[in-house]
Structures are given as structure tokens and as C-alpha cells.
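Going by this note's numbering, the sequence shown wraps up at 411, each residue one higher than the last.
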Amino acid sequence: MLQIVEQKLSPEVFMALREKVDFQFYSWEDCSAALNNTFYTVEVRENGKTIGIARVVGDGRIVFFIKDVVVDPEYKGRGIGRMLMEALLAYIRRYACEKAYISLMATPGTEPFYEKFGFIRRPSPGLGSGMVLHTTANQKEAG
Ligand SMILES: CC(C)(COP(=O)(O)OP(=O)(O)OC[C@H]1O[C@@H](n2cnc3c(N)ncnc32)[C@H](O)[C@@H]1OP(=O)(O)O)[C@@H](O)C(=O)NCCC(=O)NCCS
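Next comes the structure, spelled out in C-alpha cells:
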């Protein structure tokens, strides 16, 4: 049985799912601090096992950033990603003001998945590129 679990994501589960899809490794301490500062987390569990995760960071009103949408590769294509996105967007809409800004950075090839939920690609007319700066060991995380 599939179950949506909100605000319970642990560093261990977060790290394990990210590792399954070869996302950048971060230490337990960094993951724990990041999750403590996260606005909203959601998991999809099947018989108690987490098979999908996602989270939102932001100011809780005007700006929301969707991060770490991950479905266990063994469970891809079964609607789990959609369940995660619908939970995230429902939660965001409870808090967002009018004309709030909901953003994300798609990994290569996942753009059509996010387009299903209304996201548009940048650059597009009137909107520049999305941009990112990755820190080095001596810098603090910027975005
Ligand atoms: C992207 C990801 C979350 C999708 O999860 P999923 O459970 O396979 O997606 P779903 O089965 O819920 O698919 C929902 C819809 O999106 C479509 N879809 C999913 N992935 C797609 C892709 N890469 N390209 C095009 N369409 C896609 C599905 O066909 C489905 O369409 P439908 O509702 O019209 O039938 C999953 O593939 C994943 O975890 N990828 C690795 C991690 C990653 O890159 N995450 C994105 C971080 S930005």
C-alpha cells in the first residue's frame, strides 16, 4: 500500500535515495542541517519502505525552491513522481501569496516531467537563464 508521509524525512533516507540516483554526496551533518532548515518534505512509502522523496526550501510565502525529487529507480514510471509533485504543490499553495515564485533546476531529461505540472523552461521570452554557483571547499553554499 502506498502512503504519503510529510515532514518526517530523515538524513539516512535522504542520503540513501540520493545515492541511488548518483546525486552529489553530502555528509550526514550537512544533510541533517539542510533538512532541519527545510520548509516541507514528503516521502512516498510502500509497506513502510521509502521509494520516493522530495522537499521544498524557501521563505514560505513568496519564494519556493523544489529540490531532491527522487524516485527509487526500481519504482520509476509508476506515478510516484507525480504523487510527490502533487503533494509539494498542494503544500506550497497553502502558504504562497499571489504571484509567488516556485522554481527548480531540472536534471537533464526531466524537463518534460516538470512541464506536466506547469513549469516552463528558461530562458524564454522576458526571462533569462536559470543560474547556479557551486561552492568550493572554502566557500559557503550560495544557492
Ligand atoms: C524524474 C522522476 C522523479 C520521475 O519520477 P516517476 O515516478 O518515474 O514519474 P511518474 O511515473 O510519476 O511520471 C509522471 C508523468 O511524467 C512523465 N515522465 C516522467 N519522467 C519523465 C521524463 N524523464 N521525460 C518525460 N516524461 C516523463 C510520465 O510519463 C508521466 O506522464 P503521464 O502522467 O502523462 O502518464 C524520476 O525519474 C527520478 O527520480 N529521476 C532521477 C532523479 C532526478 O533526476 N530527479 C529530478 C531532480 S530535478
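Ideal Cβ placement from N, Cα and C applies to all residues, glycine included.
G349 (DSSP reduced to helix, strand or coil)
helix
Closest residue to R286 among T375, I388, M399 and V400 (Cα-Cα distance)
T375
Among the residues of its own chain, which have a CB less than 8 Å from the CB of E383, if the five just before and after it don't count?
R389
According to the Cβ coordinates, are D336 and I319 closer than 8 Å?
no
Does the Cβ of T378 lie closer than 7 Å to at least one heavy atom of ligand 3?
The model on display carries ligand 1 but not ligand 3.
Have a look at H402 and E366 and give me their C-alpha separation to the nearest angstrom.
31 Å
Looking at G386 and ligand 1, is the gap between the Cβ and the nearest heavy atom below 7 Å?
no
Close beta carbons around T306, own chain, < 6 Å, minus the five adjacent residues each side:
R323 and V325
Return the Cβ separation of G314 and L277 in integer angstroms, given the expectation that the two are a contact with Cβ distance under 8 Å.
The identity of residue 314 in the sequence shown is Glu, whereas the question assumes Gly. So it is not a contact: roughly 16 Å between Cβ atoms.
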